[in-house]
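Have a look at the structure below, then the notes.
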Amino acid sequence: MIDSRPIGIFDSGVGGLSIAKEIKNFCPQENIIYFGDTKHLPYGQKSAQAIKEYSQKATRFLLEQDCKIIVVACNSASANALKEIKNLARERKIKVIDVITPVAEKVAFGFDQQVGVIATQATVNAKMYTRKIRRFNKHIQVYELATPLLVPMIEEGLSKSDISKQLINRYLSHKKMQNIDTIILGCTHYSFIQRWVDSFYEGRIKIINSPLIVANELKIFLEENRMQAEKSTQDYFFVSDLTLNFTKFAKRIFNKQIQIKLIKI
Ligand code: DGL
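See below:
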């Protein structure tokens, strides 16, 4: 069966664009609706209660757009509000894919033993990576480290700069990150600084980046449930606060001018 409804994706800002981009690579026939909750950015510094409220609003908005699936392209929301998001989606029989579960499953079934996670404070507080990975594999040690300055830096468009490199080096010098064999970039914004992480470890450790894993999970789900669209016609991008940074970033990621609409939610 053909299902031409769009795929709904949300994050607090530009981070989820890394997931959106990979989804378009894996499933070019699909339409997407992206929502960046830029007004409430950064989620990672907010309380779990605030993240739940923002995530519920974002989910309701995407459900109103008749999305066939919701992708929570934000670790902070996945770690703190997944139950609430799923409850809303379940009322309409809509599946939710979060960014933590497929990554944790992949890591748990690998051969690695010492796994580091860098993420926002809200994600680290929730300890969802540790719980999920160790539920599948008790032999793995997980070390989570909050790296809160990275999101504002990336949102400012500084991911390629030297400041970015210095800040990452400083964070990764923490003793928790010294003896790991794998590192999870536990914030969707961090896809944009992967090369600095790789250069810090001089290519010695495995870097797990969620966009590929999440896009693959989505593709398989759509195929297995015969929910693929036939042809992409139009993607939509919405934000809760229209910022120049978001516009510039979206253009850079998709390599074309992107129409972004401001909404009040
Ligand atoms: N990109 C998000 C995440 O994966 C949120 C970053 C933030 O708003 O703090 O956690």
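Here the sequence shown is numbered in UniProt numbering, starting from 1 and rising by one per residue. For glycine and all other residues, C-beta sits at the position ideal for the given N, C-alpha and C.
So, with DSSP's three-state summary, where would you put residue i?
| i | result |
| --- | --- |
| residue 251 | helix |
| residue 154 | helix |
| residue 262 | strand |
| residue 129 | helix |
| residue 162 | helix |
| residue 236 | strand |
| residue 96 | strand |
| residue 45 | helix |
| residue 194 | helix |
| residue 228 | coil |
| residue 80 | helix |
| residue 19 | helix |
| residue 218 | helix |
| residue 51 | helix |
| residue 102 | helix |
| residue 59 | helix |
| residue 109 | coil |
| residue 242 | coil |
| residue 173 | coil |
| residue 180 | coil |
| residue 4 | coil |
Looking only at its own chain, which residues have a Cβ that is under 8 Å from the Cβ of residue i, when we skip the five neighbours before and after it?
| i | result |
| --- | --- |
| residue 56 | 81, 84, 85 and 88 |
| residue 45 | 120, 121, 122 and 148 |
| residue 228 | 2, 3, 27, 29, 30 and 222 |
| residue 48 | 80, 81, 122, 125 and 126 |
| residue 141 | 113, 114 and 115 |
On the criterion of 16 or more Cβ atoms from any shown chain inside 10 Å, does residue i qualify as buried, or is it exposed?
| i | result |
| --- | --- |
| residue 128 | buried |
| residue 173 | exposed |
| residue 169 | exposed |
| residue 75 | buried |
| residue 66 | exposed |
| residue 31 | buried |
| residue 109 | exposed |
| residue 7 | buried |
| residue 162 | exposed |
| residue 200 | buried |
| residue 138 | exposed |
| residue 263 | exposed |
| residue 248 | exposed |
| residue 203 | exposed |
| residue 136 | exposed |
| residue 61 | buried |
| residue 111 | exposed |
| residue 270 | Missing from the structure shown is residue 270; the chain here goes from 1 to 265 and no further. |
| residue 160 | exposed |
| residue 251 | exposed |
| residue 24 | buried |
| residue 132 | buried |
Who are residue i's beta bridge partners in DSSP?
| i | result |
| --- | --- |
| residue 209 | 185 |
| residue 146 | 119 |
| residue 10 | 35 and 72 |
| residue 168 | Answer is none; residue 168 lacks a bridge partner. |
| residue 114 | 141 |
Which residues in the same chain as residue i place their Cβ atom closer than 7 Å to its Cβ, once the five residues preceding and following it in sequence are excluded?
| i | result |
| --- | --- |
| residue 103 | 184, 208, 210 and 213 |
| residue 155 | 13, 14, 41 and 245 |
| residue 190 | 118 and 150 |
| residue 164 | 153, 158, 193 and 196 |
Tell me which residues share the same chain as residue i and place their Cβ nearer than 6 Å to its Cβ, disregarding the 5 neighbours each side in the sequence.
| i | result |
| --- | --- |
| residue 157 | 245 |
| residue 116 | 143, 177, 180 and 183 |
| residue 124 | 144 and 146 |
| residue 78 | 72, 98, 99 and 100 |
| residue 171 | 147 |
| residue 92 | 63 |
(message) Does the structure place the stretch 8-22 close enough to the stretch 148-158 that three or more beta carbon pairs sit under 8 Å?
(response) yes
(message) For the structure I just gave you, are there three or more beta carbon pairs, one from the stretch 219-239 and one from the stretch 249-262, closer than 8 Å?
(response) yes
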